[in-house]
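2 protein chains.
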Amino acid sequence: MEKTFIKALSDIVGESYTLTDKESLACYGYDSTPELESKPGVVVLPGNLEEISRIMALAHDAGVRVTPRGSGTNLSGGSISFDAGVILQTSRMNRILEIDEENLTATVETGVVTSALHREVEAKGLFYPPDPGSMNISTMGGNVAENSGGLRGLKYGVTDDYVMGLKTVLANGELLKTGGKVVKDVAGYNLNQLLVSSEGTLGIFGEITVKLIPKPKTKKTMLVHFPQLEMAALTVSHIIAARIIPATLEFLDRVTIKCVEDYAHVGLPLDVDAVLLIEVDGHPAQVEEDAEGIRQICERHNCSFFQTAASADEALKLATARRVALSALARVKPTTILEDATVPRSCIAPMVKLIQETAKKYNLTIGTFGHAGDGNLHPTCLTDERDQDEIKRAHAAFGEIFDATIAMGGTITGEHGVGVAKKKYLPKLVGESGIKVMRGIKGAFDPKGILNPGKIF
Amino acid sequence: MEKTFIKALSDIVGESYTLTDKESLACYGYDSTPELESKPGVVVLPGNLEEISRIMALAHDAGVRVTPRGSGTNLSGGSISFDAGVILQTSRMNRILEIDEENLTATVETGVVTSALHREVEAKGLFYPPDPGSMNISTMGGNVAENSGGLRGLKYGVTDDYVMGLKTVLANGELLKTGGKVVKDVAGYNLNQLLVSSEGTLGIFGEITVKLIPKPKTKKTMLVHFPQLEMAALTVSHIIAARIIPATLEFLDRVTIKCVEDYAHVGLPLDVDAVLLIEVDGHPAQVEEDAEGIRQICERHNCSFFQTAASADEALKLATARRVALSALARVKPTTILEDATVPRSCIAPMVKLIQETAKKYNLTIGTFGHAGDGNLHPTCLTDERDQDEIKRAHAAFGEIFDATIAMGGTITGEHGVGVAKKKYLPKLVGESGIKVMRGIKGAFDPKGILNPGKIF
Chain A
1 MEKTFIKALS DIVGESYTLT DKESLACYGY DSTPELESKP GVVVLPGNLE
51 EISRIMALAH DAGVRVTPRG SGTNLSGGSI SFDAGVILQT SRMNRILEID
101 EENLTATVET GVVTSALHRE VEAKGLFYPP DPGSMNISTM GGNVAENSGG
151 LRGLKYGVTD DYVMGLKTVL ANGELLKTGG KVVKDVAGYN LNQLLVSSEG
201 TLGIFGEITV KLIPKPKTKK TMLVHFPQLE MAALTVSHII AARIIPATLE
251 FLDRVTIKCV EDYAHVGLPL DVDAVLLIEV DGHPAQVEED AEGIRQICER
301 HNCSFFQTAA SADEALKLAT ARRVALSALA RVKPTTILED ATVPRSCIAP
351 MVKLIQETAK KYNLTIGTFG HAGDGNLHPT CLTDERDQDE IKRAHAAFGE
401 IFDATIAMGG TITGEHGVGV AKKKYLPKLV GESGIKVMRG IKGAFDPKGI
451 LNPGKIF
Chain B
1 MEKTFIKALS DIVGESYTLT DKESLACYGY DSTPELESKP GVVVLPGNLE
51 EISRIMALAH DAGVRVTPRG SGTNLSGGSI SFDAGVILQT SRMNRILEID
101 EENLTATVET GVVTSALHRE VEAKGLFYPP DPGSMNISTM GGNVAENSGG
151 LRGLKYGVTD DYVMGLKTVL ANGELLKTGG KVVKDVAGYN LNQLLVSSEG
201 TLGIFGEITV KLIPKPKTKK TMLVHFPQLE MAALTVSHII AARIIPATLE
251 FLDRVTIKCV EDYAHVGLPL DVDAVLLIEV DGHPAQVEED AEGIRQICER
301 HNCSFFQTAA SADEALKLAT ARRVALSALA RVKPTTILED ATVPRSCIAP
351 MVKLIQETAK KYNLTIGTFG HAGDGNLHPT CLTDERDQDE IKRAHAAFGE
401 IFDATIAMGG TITGEHGVGV AKKKYLPKLV GESGIKVMRG IKGAFDPKGI
451 LNPGKIF
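Written as structure tokens, this is what we have:
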């Protein structure tokens, strides 16, 4: 990277926020995706929207490529610069600018950590539902770029259901303002929703305005064991068929259960096929009825154990099994390939079965957990990237799993993004006309192709 | 229009579905927008997705322009062909293809009337919330193209909150499939949400899959009179501040109240400044508490009358005042200019006041009603297009109203679309970079510019 370019960057943000030392470049050379690594040419940390604009204008003129990055929790290689370009690191922009109680909105800078926003709004009796697994470190800008989901998606939807306004810096440094505090807006194309889940390829978010809702009055947390996988899957279907929409309806399979128990000792049995974690929230009367309805459905489907948390502490303990699932799996082997195949929720049972059979076929350890109510599963392959033969088998297995997902009317990614990791599967899903249209959109926003290059297509 | 082109159209759909007689061209020459009229060259009524594809491929090759049209309830001139092109009329495609109770989705052809879908899903205990004023005639395809709102937007959102999957025919006749029955999908750009509210300029919808939710167990309808406008507006704010989210929170001003009473004789008083129609729904215990909370807030703000419907029939009667507002206003004068300025809900009071002052300043009759809870108002000017001086004043007045809306952080259209009627205001709202990006997107979908030309920009 040219010295004059780096000097110009440091003129914008200051020397201490322009990193070129070997250690920094190494640290910003990977994210949470296994097997991927590539050092950037420089890391720059802007302090405000204006500085992002100036950085982009500079990079645009110079034809230098820029990859925006929040906390690097990306799971598809989306926050790695593969061409020794600029990493634009947003963590300094971490102010919650406003919580507007009258309009039920919050406006934050892009680098605000998701759970920090949760705490602030909940203190005011309000609620920002999206709660990705990474919420204690991931940033709002990253959540918007990836359209992050979480455990409350079934009832409350995901990030794009809450984004109302964005201040986005385009590739050439221009500021694009979309939406705001109006709850209804049909003036021109819906750029807001197009920018959500654009994975940093269309613009860099500076400020984000999200919708808030009243905090649910109460909730009830249940943990249920099922000796048979099919019965757990049927339970999920029948809860929905009974017109009950839990906030959370999560699933762990046998492999995951064993890893969680080895790790966290929460008292999970090792002889069951599946565990469901279920949470209902809302008005106390509604919660009471829903919980009782769910208990009856679970019992009709031969659950071997049904526990309702008696207190908030106990609820937290029950939820631990699900919350630690990824960590528990990740410690078993050096490399964890976490996927997020997503199917219509009616296909949960055949999907879990297919994953287990594919694991057996390729002689792999795959634990599956995830958002059963959303049809969004996380088959997680425990492997070692030094074992190239096993890695090859893992990729072959996931190829088959994605093909099956698409055949069931599902998608290759429910919440982790395409990034570079799933680029090769995208054309299968969206077809040639889909890719062509997406490339055209990319061209409309970023004709020089300098923003997060090489991602998605 | 060339005879060979018309012959080729009729080869696709049959002669009886290719209309060129004078009467038909006149009938399809206008929609629900005042002051606008323009005869198409031909009207074609495809019977299925395949036929739409073939029509578009033909038009694309010939460079002929095509305007899709549902029931012509468009309020911004969006369904008029201004260049004597093809009107592609979707009303034959009116089958509800599937209601999937396990995945909570409905899949419909584009020409299905919205209220027909309501009836079908409600018979199964399910619920499709969007309920635009035109729901008894408007089509689902039109609702998606315009991102239609309705009276239940405050709690349930609008059309784009429910669209999960689309089969769209692109300008060149290619089929684009986006989304489906998965509730989470981040594979590539969010084309689904970009297509919603694209006003027929990016593609023609053939099939639409929407999300359903369980039907609320019960509801309560309230009608409240306020001698003072400010008190009605404050009531809206304080209901939300009390963390109560009604399904419906609608407003009528003094002009509208008078017209409604003259028309429907529902017993509205003529000496009040404002009427609120409020509906809460959900679990009975929640509904009971919310209604009581609302009653207390209304009384604290000096309402002069508060009625809760004792039965479903009575609820319907109370809602009549709001449901007939547009018809009641429309009968007063030959020309009704219905707008949908939308502001953050905290600005409802200053906005209504500004509309009233502007009406006085320009010596106009403007009645205002609308979705107060959403900040989405319908200032409605009662005029006569033969009185060119008054029409001129009306447009000047709305120009000022839109400027004020934008200054308050609002938008020029909350649910009616830009069409041709609001094209000149769009650049003020979205800025040059917004227009540039939108034009780029249009080019990516429709490089020849044949789809609903002249709309939006």
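Protein chains in written order, with UniProt numbering: chain A, 1 to 457; chain B, 1 to 457. Ideal placement from N, C-alpha and C gives every residue a C-beta, glycine not left out.
Proximal residues to V437/A (C-beta, below 8 Å), its chain only, five neighbours per side dropped: none
Where K333/B sits in the DSSP three-state scheme: coil
In the DSSP assignment, the alpha helix (DSSP H) including C298/B goes from what residue to what residue? 284-300
Using a Cβ cut-off of 8 Å (strictly closer), state whether G180/B contacts chain A. yes
Rounded C-beta distance between G443/B and A444/A? I'm assuming under 8 Å. 7 Å
Please state the DSSP three-state secondary structure of I412/B. coil
H238/A: first and last residue of the uninterrupted alpha helix (DSSP H) it sits in: 229-241
Would you call the CB atoms of P40/B and G29/B closer than 8 Å? yes
With 8 Å set as the bound, which would you pick, yes or no: does the beta-carbon of K177/A sit closer than that to a beta-carbon of chain B? yes
Simplified DSSP state of L117/A, which is helix, strand or coil: helix
Less than 7 Å between C-beta atoms, sequence neighbours within five positions excluded: which residues of the same chain meet that for I297/A? T235, H238, I239, A242
So, with DSSP's three-state summary, where would you put T405/A? helix
Cβ shell of F5/B (< 7 Å), same chain only, five flanking positions each side left out: A62, V64
Would H225/A be called buried (16 or more neighbouring beta carbons within 10 Å of its own) or exposed? buried
Sub-8 Å separation of V420/B and G454/B beta-carbons: yes
Roughly how many whole angstroms lie between the Cα atoms of E23/B and S53/B? 27 Å
To be precise: take each residue of the stretch 319-344 of chain B, compare its Cβ to all Cβ atoms of chain A, and keep it if any distance is under 9 Å. Which residues remain? D340, T342, V343, P344
Opposite L175/A in the DSSP bridges: which residues? V169/A
For M164/A, name the three-state secondary structure that DSSP assigns. strand
Mind listing, in chain order, the continuous beta strand (DSSP E) runs of no fewer than 3 residues lying wholly within the stretch 177-231 of chain B? 204-211, 218-226
Give the straight-line distance between the Cα atoms of R92/B and P68/B, rounded to the nearest whole angstrom. 13 Å
Proximity of V44/A and T73/A at Cβ, strictly below 8 Å: no
First through last residue of the beta strand (DSSP E) which encompasses I87/A: 86-89
Can you check whether the CB of E199/B is closer than 8 Å to the CB of I456/B? yes
For N302/A, decide whether its Cβ has a neighbour in chain B, counting only Cβ atoms nearer than 8 Å. no
Sorted by chain position, which residues of the same chain lie with C-beta nearer than 8 Å to G118/A's C-beta, five sequence neighbours on each side aside? In the sequence under discussion, the amino acid at residue 118/A is His, which differs from the Gly named in the question. Taken in chain order, the residues that qualify are Y128, D131, M135.
Residues that DSSP places opposite F5/B in a beta bridge: According to DSSP, F5/B bridges with nothing at all.
Starting from M438/B, find everything on chain A with Cβ-Cβ shorter than 9 Å and list it in chain order. G188, Y189, L191, A444
Proximity winner among T413/B, T380/B, A372/B, K333/B, relative to D387/B (alpha-carbon distances): K333/B
Run of the beta strand (DSSP E) containing I99/A, from where it starts to where it stops: 96-100
Helix, strand or coil for E35/A? Go by DSSP, reduced to three states. coil
Classification of E292/A by the beta-carbon crowding that lies within 10 angstroms, buried from 16 upward: exposed
Beta-carbon spacing of residue 487/B, T342/B below 8 Å: Outside the displayed range of chain B (1 to 457) lies residue 487/B, so it cannot be described from this structure.
Selection from Y263/A, M222/A, H265/A, A319/A that minimises the alpha carbon distance to I294/A: M222/A
Less than 8 Å between the C-beta atoms of I99/A and V113/A, yes or no? no
How many whole angstroms separate the CB atoms of I257/A and L270/A, which I take to be in contact at a CB cut-off of 8 Å? 7 Å
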